[in-house]
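In the UniProt record's numbering, the protein residues as written are 1 to 370.
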């Protein structure tokens, strides 16, 4: 009996799966989910389009099918064609940044949404894609124990059985508390060919990981065991930035620390500084105090940047934009390099998982026939 051709429109689940992705899933092939927020909100045009196409090409060259996920006119799409990718890249921030909490609103209003880690995981699992590649995940923000500013990425990892391949979390976050929260959520955390959790732009963070994996096959076994045991939680596989970009990573890290300080100055602290700064013009001991207690150049810069403290989901975009300026754009190149490296690793893991599943299926068929 011949198989029905792949659907072109939304499936009964309300998700439009591309023919290429649907055919790969039906045959047990390797598929890698990709987010769209990095295209719309992470890079300028045309660099974002070029990167998206190169990442998809890397996935294909290594034996897997890429499935970029986005919401187009209220319809979730898994797997985009070249025209849809171009539309994403050109539209940029006109596409709403869409986490799990935003999905219903974006779909109901017929809007366009660029999926974050949590939304991409949700749709990947919904259609049966077990592996998702991204740049870095969100986490517990600094002072998160007071603000409760914790990314929904962590909650999603705790309840959605998808393996996320990333370069860890950015050092703008509280990495130690992020790992503690992942443990609370029951998420398996593994570092790829290292014993230390990477910090996105840099190879190390000072935080050890409970699990080290050294090959795509080893990763595949963990993913398969997680699915076979129906644990219901995700897996985070952290891949260090390529060594050739580690040196620039240290420069970027320095810029991140400066940007964090800029974001932390509140209106009250700025007013205090201005008062002391005026006093410093007439009193030498106050002058000494100002320069000991404050980074004067930094605060003057901050006065021109913002008239209020940067808080909530505005922190990450603010800091990444500042880092890009402070590093002369080298942070963007490092970001692209690590995303490509993650795509390479993720594709190899997807192929290894596909091969493992087929071997297990064949073994069961042989045993059944005996």
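Each residue gets a CB set at the ideal place from its N, CA and C atoms; glycine is no exception. Computed from a predicted model, the values in this text were never measured in an experiment.
Euclidean distance between Cα positions of residue i and residue j
i, j, result
"residue 152", "residue 356", "31 Å"
"residue 208", "residue 49", "36 Å"
"residue 61", "residue 344", "9 Å"
"residue 130", "residue 121", "9 Å"
"residue 211", "residue 18", "35 Å"
"residue 251", "residue 128", "40 Å"
"residue 371", "residue 227", "Residue 371 falls outside the range modelled here, since the chain spans only 1 to 370, and no answer is possible."
"residue 43", "residue 51", "9 Å"
"residue 148", "residue 142", "10 Å"
"residue 385", "residue 359", "This structure leaves residue 385 out entirely; the chain is present only between 1 and 370."
"residue 216", "residue 41", "30 Å"
"residue 159", "residue 185", "8 Å"
"residue 316", "residue 364", "48 Å"
"residue 173", "residue 87", "31 Å"
"residue 229", "residue 223", "10 Å"
"residue 84", "residue 56", "13 Å"
"residue 258", "residue 330", "16 Å"
The alpha helix (DSSP H) enclosing residue i, as first and last residue numbers
i, result
"residue 224", "216-228"
"residue 107", "103-108"
"residue 175", "175-184"
"residue 241", "No alpha helix (DSSP H) contains residue 241, which DSSP labels as neither H nor E."
"residue 169", "Here residue 169 belongs to no alpha helix (DSSP H), and DSSP marks it neither H nor E."
"residue 231", "Premise fails: residue 231 is in no alpha helix (DSSP H) and is neither H nor E."
Extent of the continuous beta strand (DSSP E) to which residue i belongs
i, result
"residue 94", "Per DSSP, residue 94 belongs to no beta strand (DSSP E) and is neither H nor E."
"residue 371", "In this structure the chain extends from 1 to 370, so residue 371 is not present and cannot be described."
"residue 166", "163-166"
"residue 133", "131-133"
Secondary structure of residue i, DSSP reduced to three states
i, result
"residue 336", "helix"
"residue 40", "helix"
"residue 64", "coil"
"residue 76", "strand"
"residue 325", "helix"
"residue 150", "strand"
"residue 34", "strand"
"residue 201", "coil"
"residue 49", "helix"
"residue 160", "coil"
"residue 320", "helix"
"residue 88", "helix"
"residue 193", "coil"
"residue 142", "coil"
"residue 353", "helix"
"residue 236", "strand"
"residue 208", "strand"
"residue 58", "helix"
"residue 21", "helix"
Contacts around residue i, its chain only, beta-carbon distance under 7 Å, and the 5 residues preceding and following it disregarded
i, result
"residue 64", "30, 31, 32, 347, 350 and 351"
"residue 21", "31, 65, 67, 78 and 79"
"residue 54", "340"
"residue 100", "118, 119, 122, 152 and 156"
"residue 179", "189, 197 and 207"
Beta-carbon contacts of residue i that lie in its chain and below 6 Å, excluding the five residues immediately before and after
i, result
"residue 245", "334 and 337"
"residue 332", "324"
"residue 303", "The pLDDT assigned to residue 303 is 41, lower than 50, so where the model puts this residue is not dependable, and the model offers no usable value."
"residue 124", "33, 132 and 162"
"residue 137", "117, 153, 166 and 169"
"residue 371", "As displayed, the chain neither begins before 1 nor continues past 370, which places residue 371 out of reach and without an answer."
"residue 328", "none"
"residue 233", "158, 186 and 187"
Own chain partners of residue i with C-beta closer than 8 Å, once the 5 adjacent residues on each side are dropped
i, result
"residue 241", "167, 198, 200, 201, 202, 203, 249, 334, 337, 338 and 341"
"residue 221", "356"
"residue 109", "74"
"residue 106", "71, 74, 96, 98, 112 and 113"
"residue 177", "139, 140, 144 and 145"
"residue 103", "71, 76, 113, 119 and 122"
C-beta neighbour in chain C for residue i, strict 8 Å
i, result
"residue 189", "In the structure shown, chain C cannot be found, because there is only a single protein chain."
- [ ] Inspect the CB distances between the segment 233-240 and the segment 192-205 and report whether three or more fall short of 8 Å.
- [x] yes
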